[in-house]
Amino acid sequence: MSETSTATSTRKAVRLEATNHEGSLLGKNVSPAKFEAGKDSGFAFADILFAIDLSNEIVLGDAFPDWRGNLYDIAMVPDLSTLVEWKPGLDSVIGDYWLKDGSPVPICPRNLVKRLVARLAEHGYTATVAVEIEATLFEESVQEARGKGYRDLTPLGGSTGATYHLARSSDWVDYMEAVVARLDQVGIPWEAWTDEAAPGQTELNLAPTDPVRLADGWARTRQVMREVGHALGHTVSFMAKPTAGFGQGAHINISLQRDGVNEYFAEDGPSELMRHSVGGLLATMAGATSVVMPQITSYRRLVDLTGPPTTVSWGVNNKTAAVRAITGHPKYSRLEYRLPGSDVNPYLALAAVLAGVLAGVEGRIEPPAEVTDMAWCLPEDCGVERIPDTMSKAGAALAADPLLRAYLGDEFVDFWVASRRWEWMEFHTKGGDPNASLSEWESTRYFELP
């Protein structure tokens, strides 16, 4: 996204944007004069944004560092390359969080991605990434959805599930056409959209680009999809499982280039660099599950034969595995990381993937044997581990993972694990039902956020 040419005098406001750890897009609107005065030094945000959960409760159980916990101000410094005209009179800009001493906030999601991109660059590599965003659309407006407790909503486009069918009703098509028109207006490159397996579900593919730019576009795309829904009287959810039926994910595709050449390509299959990347992604997958499947409902997706991966596995062109290797083409050879849920923080999802790739590249980690058959329903004694299927198991795996600690940092890992323990406690003490296919507590907490 390039800086808008809109003259300052035509602006009525500038919206400052950045995610918190939960993936919610936070911000504030400032006047043009205020923006001009603070665009270099940054704008004050209270550190509490990293200390509250999705219900605005203070998260306890974490050893707060000196910079966090007493409503200190941290600075949101805008990245002017992301400045766009969001709509007439309103510009929008994305930024990072910084401390008063000029150092990045250690748990800032966007800065985490930037740091890992820089580490890849030390080896001469650049990463190209893309994402497949899944979401479910409903006929009801968001106000009507709230009135029904987000339950028993009507899927937009018809009540039957399908994949690739063109039989969706015009209201569903109108919504998606309005979404991509808005993406074009704000400069977010997209490649394709289609219906997905569940009633009302869609998949929207963003075009390949660098990790920071993709995460920015991903966060803004979710905002666009919500705003278009509001405008058309419908609602959209990025919950990992907004109904008791199918779940929804966010598959990430990645390749590494050196001097513009795709280093994942080899004539005879996965290149050595691709193999080591797979090795690192699988070695860190159990711990990364906590990051890329952040909420209670995220784990309800992990059902064999329903789409999401359930084993720590990889295979060439194998969509039942957690990591799918696409080989044989000098441009399109890449890895598809199929684990993240649609509720993931875009920046943290990419940070987890980049951390795994770096671990494999720097440690020259060889992957286990490729799964050449179906990676679901494997017997327990086959030597292929299951993906952690609860928030507690995943959090414990992350806390114990030395590789992810090395690449994401102790402060982030300890902070994140504490926040997931809190989320688990909130679910089990305030009305969550672990035996339900989808509890009312989850619908209320996650349907609209992140």
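Position in the sequence shown (from 1) plus 15 gives the number in my numbering.
Backbone N, C-alpha and C define an ideal beta-carbon position, used for all residues, glycine too.
On a predicted model such as this, the values are computed, not experimentally measured, just so you know.
Proximity below 9 Å, CB of glutamate 304 to CB of alanine 412 = It should be pointed out that residue 304 corresponds to threonine in this sequence rather than to glutamate. For threonine 304 and alanine 412, yes; Cβs fall inside 9 Å.
ask   = What's the call for serine 70, buried or exposed, on a 16-neighbour Cβ count within 10 Å?
value = exposed
ask   = With 16 other CB atoms within 10 Å as the buried threshold, where does cysteine 123 fall?
value = buried
query = How would you call threonine 151, buried or exposed, if buried means at least 16 neighbouring beta carbons within 10 angstroms?
reply = buried
request  = State the start and end residues of the unbroken alpha helix (DSSP H) segment that holds threonine 161.
outcome  = Checking the displayed sequence, the identity of residue 161 turns out to be arginine instead of threonine. Segment 157-162, the alpha helix (DSSP H) holding arginine 161.
Per DSSP, cross-strand counterpart(s) of leucine 469 = Since the first residue of the chain shown is 16 and the last is 465, residue 469 is not available in this structure.
task = Using 10 angstroms around the beta-carbon of leucine 75, count the other beta-carbons present and answer buried if the total reaches 16, otherwise exposed.
result = exposed
inquiry  = What ranges does the beta strand (DSSP E) occupy inside the stretch 301-359, keeping only unbroken runs of at least 3 residues that lie completely in it?
reply    = 329-331, 338-341, 349-352
ask   = Can you tell which of Leu247, Leu350, Ser252 has the C-alpha that lies nearest to the C-alpha of glycine 284?
value = Leu350
inquiry  = Taking its Cβ as the centre, do 16 or more other Cβ atoms sit within 10 Å of asparagine 333, making it buried, or is it exposed?
reply    = buried
inquiry  = Across the stretch 253-268 and the stretch 360-373, are there enough close Cβ pairs to call them in contact, namely three or more that are closer than 8 Å?
reply    = yes
request  = Go ahead and label leucine 221 buried or exposed: buried means 16 or more other beta carbons lie within 10 angstroms of its beta carbon, across all protein chains shown.
outcome  = buried
message = Between the alpha carbons of leucine 296 and isoleucine 67, how many angstroms are there, rounded?
response = 30 Å
query = Looking at the unbroken alpha helix (DSSP H) that takes in glycine 371, where does it start and where does it end?
reply = 361-378
ask   = Secondary structure at threonine 175, three-state DSSP: helix, strand or coil?
value = coil
Helix, strand or coil at threonine 141 according to DSSP, with G and I counted as helix = strand
ask   = For the putative contact between proline 355 and valine 307, defined by C-beta atoms under 8 Å, what is the C-beta separation to the nearest angstrom?
value = 4 Å
ask   = Is there contact between the stretch 141-149 and the stretch 43-57, where contact requires at least three CB pairs shorter than 8 Å?
value = no
query = Based on Cα-Cα distance, which residue from Glu159, Arg134, Gly110, His36 lies nearest to aspartate 358?
reply = His36
query = What residue from Ala246, Gln238, His245, Leu247 has the CA that sits closest to phenylalanine 253's CA?
reply = Gln238
query = Since glutamate 426 is in the alpha helix (DSSP H), which residue starts that stretch and which ends it?
reply = 425-444
query = For arginine 235, which three-state DSSP category applies?
reply = helix
request  = Please determine, among Val201, Glu218, Gly202, the residue with the shortest C-alpha to C-alpha distance to threonine 209.
outcome  = Glu218
message = In whole angstroms, give me the CA-to-CA distance for glutamine 310 and leucine 363.
response = 13 Å
task = Please work out which residues of its chain come closer than 6 Å, Cβ to Cβ, to tryptophan 187, disregarding the five sequence neighbours upstream and downstream, and give them in chain order.
result = Leu171, Gly172
message = In this structure, how does DSSP classify tyrosine 422 when only helix, strand and coil are distinguished?
response = helix
task = Please classify histidine 180: is it buried, with 16 or more other beta-carbons within 10 angstroms of its beta-carbon, or exposed?
result = exposed
ask   = Out of curiosity, what's the CA-to-CA distance linking serine 292 and glycine 164?
value = 43 Å
message = Is the beta carbon of valine 376 closer than 9 Å to that of leucine 476?
response = Residue 476 falls outside the range modelled here, since the chain spans only 16 to 465, and no answer is possible.
request  = My understanding is that proline 361 touches tryptophan 233, with C-beta atoms under 8 Å, so please give their C-beta distance in whole angstroms.
outcome  = 4 Å
ask   = If you check the beta carbons only, do leucine 423 and leucine 127 fall under 9 Å apart?
value = yes
ask   = Just how far apart, CA to CA, sit glutamate 339 and glutamate 385?
value = Sequence inspection shows arginine at residue 339; the glutamate mentioned does not correspond to that position. Their Cα atoms are separated by approximately 10 Å.
request  = Please classify lysine 129: does DSSP put it in a helix, a strand, or coil?
outcome  = helix
query = For lysine 102, which beta-bridge partners are listed by DSSP?
reply = Leu105
ask   = What's the C-alpha gap between proline 103 and threonine 175?
value = 38 Å
query = Assuming histidine 249 and tyrosine 190 make a contact with CB atoms under 8 Å, what is their CB distance in whole Å?
reply = 6 Å
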